[in-house]
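Number of protein chains: 6
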Amino acid sequence: MYHHIKKLMYTVNVGTPDPRFGNMLLEQFGGANGELAAAMQYSIQGLNCDDPDRKDMLMDIGTEELSHLEIVGILARMHLKPMKKSRDSAEADPLIAIAGGGGVGLFNSMGDAWTADYLKITGELDVDLRSNIAAEARAKIVYERLINFCDDPGTKDALQFLMTREITHMKAFTAALESLGKDPFSIGNIAPTPGLVDEYFNDSTGVGDEGETDVRGPWNEGGEWKIVEPPELEQGVEAHNGKTVAKTRKDDIEQGGKTRIKKSA
Amino acid sequence: MYHHIKKLMYTVNVGTPDPRFGNMLLEQFGGANGELAAAMQYSIQGLNCDDPDRKDMLMDIGTEELSHLEIVGILARMHLKPMKKSRDSAEADPLIAIAGGGGVGLFNSMGDAWTADYLKITGELDVDLRSNIAAEARAKIVYERLINFCDDPGTKDALQFLMTREITHMKAFTAALESLGKDPFSIGNIAPTPGLVDEYFNDSTGVGDEGETDVRGPWNEGGEWKIVEPPELEQGVEAHNGKTVAKTRKDDIEQGGKTRIKKSA
Amino acid sequence: MYHHIKKLMYTVNVGTPDPRFGNMLLEQFGGANGELAAAMQYSIQGLNCDDPDRKDMLMDIGTEELSHLEIVGILARMHLKPMKKSRDSAEADPLIAIAGGGGVGLFNSMGDAWTADYLKITGELDVDLRSNIAAEARAKIVYERLINFCDDPGTKDALQFLMTREITHMKAFTAALESLGKDPFSIGNIAPTPGLVDEYFNDSTGVGDEGETDVRGPWNEGGEWKIVEPPELEQGVEAHNGKTVAKTRKDDIEQGGKTRIKKSA
Amino acid sequence: MYHHIKKLMYTVNVGTPDPRFGNMLLEQFGGANGELAAAMQYSIQGLNCDDPDRKDMLMDIGTEELSHLEIVGILARMHLKPMKKSRDSAEADPLIAIAGGGGVGLFNSMGDAWTADYLKITGELDVDLRSNIAAEARAKIVYERLINFCDDPGTKDALQFLMTREITHMKAFTAALESLGKDPFSIGNIAPTPGLVDEYFNDSTGVGDEGETDVRGPWNEGGEWKIVEPPELEQGVEAHNGKTVAKTRKDDIEQGGKTRIKKSA
Amino acid sequence: MYHHIKKLMYTVNVGTPDPRFGNMLLEQFGGANGELAAAMQYSIQGLNCDDPDRKDMLMDIGTEELSHLEIVGILARMHLKPMKKSRDSAEADPLIAIAGGGGVGLFNSMGDAWTADYLKITGELDVDLRSNIAAEARAKIVYERLINFCDDPGTKDALQFLMTREITHMKAFTAALESLGKDPFSIGNIAPTPGLVDEYFNDSTGVGDEGETDVRGPWNEGGEWKIVEPPELEQGVEAHNGKTVAKTRKDDIEQGGKTRIKKSA
Amino acid sequence: MYHHIKKLMYTVNVGTPDPRFGNMLLEQFGGANGELAAAMQYSIQGLNCDDPDRKDMLMDIGTEELSHLEIVGILARMHLKPMKKSRDSAEADPLIAIAGGGGVGLFNSMGDAWTADYLKITGELDVDLRSNIAAEARAKIVYERLINFCDDPGTKDALQFLMTREITHMKAFTAALESLGKDPFSIGNIAPTPGLVDEYFNDSTGVGDEGETDVRGPWNEGGEWKIVEPPELEQGVEAHNGKTVAKTRKDDIEQGGKTRIKKSA
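Heads up: the sequence lines are chains A, B, C, D, E and F, in that order.
So the first sequence is numbered by the numbering used here: it starts at 1 and just counts up by one.
So the second sequence is numbered by the numbering used here: it starts at 1001 and just counts up by one.
So the third sequence is numbered by the numbering used here: it starts at 2001 and just counts up by one.
So the fourth sequence is numbered by the numbering used here: it starts at 3001 and just counts up by one.
So the fifth sequence is numbered by the numbering used here: it starts at 4001 and just counts up by one.
So the sixth sequence is numbered by the numbering used here: it starts at 5001 and just counts up by one.
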């Protein structure tokens, strides 16, 4: 059950309304990484969650995001209000101006309606927590960019509050994931195929126009890693009983595709 | 520049086509966590990436996902083919049957057209890597569920291959993130507000119908954590100079909303 | 600011889970006339509202709908849970089964992601109240249909609760609209053109295959109504200074389009 | 069966094309409250309608809206045409300029493709009429806003014509609804639960930053209304046999959620 | 201006309603290649068209498609009607059953709302005509598939009528395109680069699992065609002054990406 | 299986970045007629294709379009990069600036996420080839418009390359279609109804405000064409045994709908 308290979680003060900045703010109201997306993702994960401990956390944070949605909405509303009367302001977001009368709607900065396609909900707790960690990181960087484009001190204060809370949530989700005590690469119940799981396929090769080349780093070298290069890859990969077997079909491929050409009937 | 080799990365064998399972497989062809989503997310992150080392990795893995898309497409195609002729099969996915003639399209198992709203691309490398780690975890669990609903040994083999590769990628992205050497909660350049960042807001309280209560765990207790309870929260949170100041407005809230009622004009 | 109380607003009891009914229930979770649509429509109207009295009402009802969303979500979750393990159940909604692990998501019964395109928010209070009255009527009829397709007594009880509340809200919105004291056809500030406003254009004529014909009723006859028939309509309607002037352009139209035919170059 | 007459229902004259205004006009061509939405909503309701009298009205008005779509399209086309050649104009709507060559498409002012998600069609006649009344009110206010942003006299004339017709339709739908002779809150066949239906839940309480408080008005006071305050609400609402029974579970809730805390394992 | 005549363009007789077939029929009501898509595509092209001769044709055919939309809608309505009462029927399309009360809506067979993203409108007449020829071919094959899944003679008659008309329109659009007298590969005003335009890039090579190989046919051999093979392609293509110059950067690529590997910092 | 070569297919040089032009370029990256749409349409058609000869061609061209996607992406990236830092640039596309940090995403010039609804894939080879011919014509005209709005010589060079390739593909698809040796109006297996197929319905009549009238051209006159005028049309068309029979129902229609009016109950 939800209850609404009329007070904002963080009091909003806006000096001079800036409709074009108000339009940008909509990214965090009705955008892909915005507050409704956060509120819905965590609350619905909570609703599905069978672990009562982490369910409590999901509901705590999901509810806080609803309060954030309200803050962003009020902020955007104050910046967008001139759109109702000023033709010049209206051009910054005609959808808000004409269809919305200068009021906010669940749209992003380009007028796209919010969609649940933004959400990542799998019903697998540790997977969902990973999605949430990433979601908070994205929201943090979006708030940072908004702060960088903002001139109004009161608005910046509120954005700093909201940005800070994303890091709080990132920490909480990370602690919740770690407290599950699972191996970081153990997802679900079916084990990946040994051997194959450590093969790094070198699928992009050559030298780029700016001199880019193949690179070795801890993501493909050291530990168990084994790099598989194109000539081997192109023979096909078959995994049985935990080891990778190159299926041999003699004379299979000739470079450049110049052979085995048949005429179309 | 891309090149296509006619051979599949993993040879597909299907015993008895199962159109309803073919419909399920579309989740990994045109669905939210499917192979096109993976291919596009990583490849476009790579295109935007200014770090030439991790850009190489993003292109390697993005390209591998294109090869996976082809495998899933061929698998689904083989399972869906009876839809062209059998009315009973066609009912499993009339869109594929009637609009597609039994061929695959970029739809999920419920016929929703693939949309770039599924993608998470921020242009901030460490953030993108977190999104990718989560994306691979989601893809892994989806393949596991497909395997659990599948009876055909050849199909299961191919799905096991694809599922394994998701863990490979999860490892690579994790190593790439760690090799950046950043603090795990340091995102972007603007620091979160000290003090406030360690406050955990207890926004969901009470006792649930099945006895759910508030819980303490490493996500809100220990270390720097400080829990803020509703009475304090409801007075409003203001953050200045690194510490949280409860804004005092006397007599602000009365429980139950029974006071300060004014008549509507 | 929002607060969550762990108790459901209405306790849910489900006897035998019925996954296909759970799929139907999603209409009221993530569907066009469902609880999220109601919660968002009223809450965002409230956020934009400059009339503090009716704003309070919009927030009261918007918040109640969030509590309803939670009830429907729990109900659907209980009916959908078998999808995680049973292939037969999974076929009722493969998206929920495979991508969601049997947990609810913000989709309707056909797997369409919830979209803010469902919402009607104009920032004009009396217009918004009309949209809300209609929204509640739609939600009521959808709950009635769900009850009619439902066999489980506990589920029916909860649906009866939810259905009843829609009528409560319909009454409240109607009272709020009437208390504004405006003429029922006075919207905004610009007056419609007198005369023209009372003309009923008879744009569909003839006799249908089942004998349908033109009908006169209080929507086109009596009071100020004046019916305009096709021959007059087809000469073009021009409104100046409050009266409708039929623009006369001699020989303008010949029935059947057989005249004035020119050859294409 | 439809027939097209080459003459516009209202002759359009545009003085100086204004591409940014043309972009705004698209709200009424391919937007959520625009003419295609109206035409499709009423015509499809008519197609489904079993009441031959009101079906005739739905077809009359649905067809008129098609003629309006044509007028708005021609108006927008005339304002948008400079986009084809002028880079500055093209920036007002690059989608129209580059993909459309300066011609209109079924997009709104922010380039969103028209979607049937805008429509409200339930197959329940009185409910559909309420949706239509609200739809006409929305369309009226949108035309008013367009008129307020418009400088061109010929365009204003056409918009005044279109705006007036929305009120005409609002009157017709209202008369049609009233002529059904139903109780205004009687929707469908299943009666709401007596008692519960008259309870107003006070779900938003406290005092806002600008002094907003709880309000009593005809939407929650007088007549049968009974206000339910949060402490009672939070115990859970159960409705049996026409009266609301508060489910008593002793010691259920402690304010602030500070008790019953258990440690996470 | 439009006019509606109550008579259907083709009288519809349905023997036994078949709700699952009714669901399939929605492909041609609210689907990607359906009648609304056709009506809107041609009518809006007509609205934008500056060639008065072909504009007349676009309006003729666009209007006919509206009459087809009505026929398909009535057909589908008759097949879907049992959904209102029968739970078993309702499972064929819960969206229609529960949200629509058994009435049609602008959805396809999988419940996706119709979207203007289906339309192809460029404002370039000859290009639009090519899009229309393709659209008619698609609609024809969809009707054929529906006929093949249909048991009801009356429904088949109506579908045969509709299918036939698509070929009529295909002929008309083809004649209109040919009568423009343009070179078939001359689009717009800017000439393609000579030489380069005749190069066929062999971007897919090798031998497939079922023996697929490179093929020569009239689409890459004979006439002006020149095939460019991968080794040449991979050096980069630069077109100046009408001829293709291979940009030489010595030692550029080594097969397999085994060289120029640098260590990640 | 796919392989990526780091070199661009066409080397890109950008003089002065132009963020508003970069925004326009997104039409060809994530827009309806852009390179991803082309790549996916042809590659998935190829995946479904049972004709090994034309399948090779579909894979060749589908793969080339992936290489084009990369070129457009790099071009757009270079033009959009200033958005990360400049508020003025950011206003050209706030979604790219704020959510994307100045990096490209799969959006069009108005921020709409790419959707598979843009694709035309039917699983019927000759139909798909027609869709491809039209798609290439659309892409060509879009590139031409971009060139016309572009000031940067390096960008123009790359666009000229891409535009030229569309004509190449148009030629290849046309040759592939013609080499099938089918009658141009023979689609699928069911023959259209003789007689009816040659009737041109004159559904738009009268004289327009600018003097538009009915036109005769090769699309409705000559050869087998027979024009059917409204009076005949409005009696209903019934096709049996290969000839069109006007169903006679006496006194069926009276002009203007003035008769047979019944009073609403």
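Positions of the beta carbon are idealized from the N, C-alpha and C atoms, including for glycine.
_Distance check for C/Trp2225 and A/Thr132, CA to CA, integer angstroms please._
Residue identity differs from the one stated: residue 132 of chain A is Asn in this sequence, not Thr. Rounded to whole angstroms, A/Asn132 to C/Trp2225 spans 60 Å at the Cα level.
For A/Leu58, count neighbouring Cβ atoms within 10 angstroms of its own Cβ and tell me buried if that reaches 16, exposed if not.
buried
Practice problem: Would you identify the three-state DSSP class for B/Tyr1002, choosing helix, strand or coil? | Solution: strand
Paired residues, beta bridge with A/Ser204 - DSSP:
F/His5004
Interface residues of chain E around C/Val2142 at Cβ under 8 Å? Ile4098, Ala4099
message = To be precise: take each residue of the segment 2048-2079 of chain C, compare its Cβ to all Cβ atoms of chain B, and keep it if any distance is under 7 Å. Which residues remain?
response = Asp2053
Q.
Under 7 Å, Cβ to Cβ, is there at least one residue of chain C near A/Glu124?
A. yes
* Asked: In chain D, which residues lie with their C-beta within 8 Å of the C-beta of E/Ala4134?
  -> Correct list: empty, because the minimum Cβ distance to chain D is about 17 Å.
So what does DSSP say about D/Thr3115, is it helix, strand or coil?
strand
With distance defined between alpha-carbon atoms, name the residue in B/Asp1214, B/Ile1071, B/Leu1066, B/Asp1050 nearest to B/Asp1128.
B/Asp1050
Rounded C-alpha distance that separates A/Ile5 from C/Lys2055 | 13 Å
Q) At which residues does the alpha helix (DSSP H) containing B/Lys1140 begin and terminate? A) 1125-1148
message: Which residues in chain E have a C-beta closer than 8 Å to the C-beta of A/Gly217? List them in chain order.
response: Lys4263, Ser4264
Open item on the list: By the DSSP assignment, the beta strand (DSSP E) with E/Lys4226 in it spans what residues?
Closed with: 4226-4228
query: By DSSP, does E/Val4012 sit in helix, in strand, or in coil?
result: coil
What is the DSSP secondary structure of F/Phe5185, reduced to helix, strand or coil?
coil
E/Gly4222 CB to nearest heavy atom of the ligand GTP below 6 Å: In the structure shown, the ligand GTP is absent, as is every other ligand, since no ligand is present at all.
Are E/Gly4031 and E/Ser4043 touching if we call contact CB-CB under 7 Å?
no
(Q) Could you compute how far the alpha carbon of C/Lys2007 sits from the alpha carbon of A/Glu35? (A) 24 Å
Practice prompt. Have a look at A/Pro17 and A/Ile98 and give me their C-alpha separation to the nearest angstrom.
Written response: 18 Å
So, C/Pro2094 versus B/Met1024, is the Cβ gap smaller than 7 Å?
yes
_Which residues in chain D have a C-beta closer than 8 Å to the C-beta of F/Met5110? List them in chain order._
Asp3093, Pro3094, Leu3095, Phe3107, Met3110, Gly3111, Asp3112
Practice problem: Pick out the complete alpha helix (DSSP H) segments inside the segment 1023-1086 of chain B, 4 residues or longer, and give them in chain order. | Solution: 1027-1030, 1035-1048, 1052-1080
Can you tell me whether C/Lys2263 is helix, strand or coil according to DSSP?
strand
Quiz item: Looking only at DSSP bridge pairs, what is E/Phe4107 linked to?
Solution: E/Ala4113
For D/Lys3084 and C/Met2083, the rounded distance between their alpha carbons:
53 Å
Exercise for review: Pull up the DSSP beta-bridge partners for F/Glu5282, would you.
Suggested key: Residue 5282 of chain F cannot be examined here, being either before or after the span of chain F that is shown, 5001 to 5265.
| request: Quick one: using the 10 Å Cβ neighbour count with 16 as the cut-off for buried, is E/Asp4157 buried or exposed? | output: buried
message: Rounded to whole angstroms, what is the Cα-Cα separation between D/Met3009 and F/Thr5205?
response: 14 Å
Could you tell me the boundaries of the alpha helix (DSSP H) in which B/Gln1160 lies? 1153-1178
| task | Tell me whether F/Ala5191 is buried or exposed, calling it buried when 16 or more other Cβ atoms sit within 10 Å of its Cβ. | result | exposed
*Consider the Cβ of F/Asp5117: report whether some Cβ of chain E lies at a distance smaller than 7 Å.*
yes
Self-check item: Neighbour list for D/Lys3182 in chain E, Cβ cutoff strictly below 9 Å
Solution: Within 9 Å Cβ-Cβ: nothing; D/Lys3182 doesn't reach chain E, min ~17 Å.
Next on the checklist: Suppose the cutoff is 6 Å on Cβ atoms and the five residues either side in sequence are ignored; what does the same chain contact list for A/Arg77 look like?
Outcome noted: Val104
Tell me A/Arg216's beta-bridge partners as DSSP assigns them.
-> E/Lys4263
Is it the case that the segment 4168-4182 of chain E contacts the segment 5159-5172 of chain F, given that we only count it when at least three CB pairs across the two stretches are under 8 Å? no
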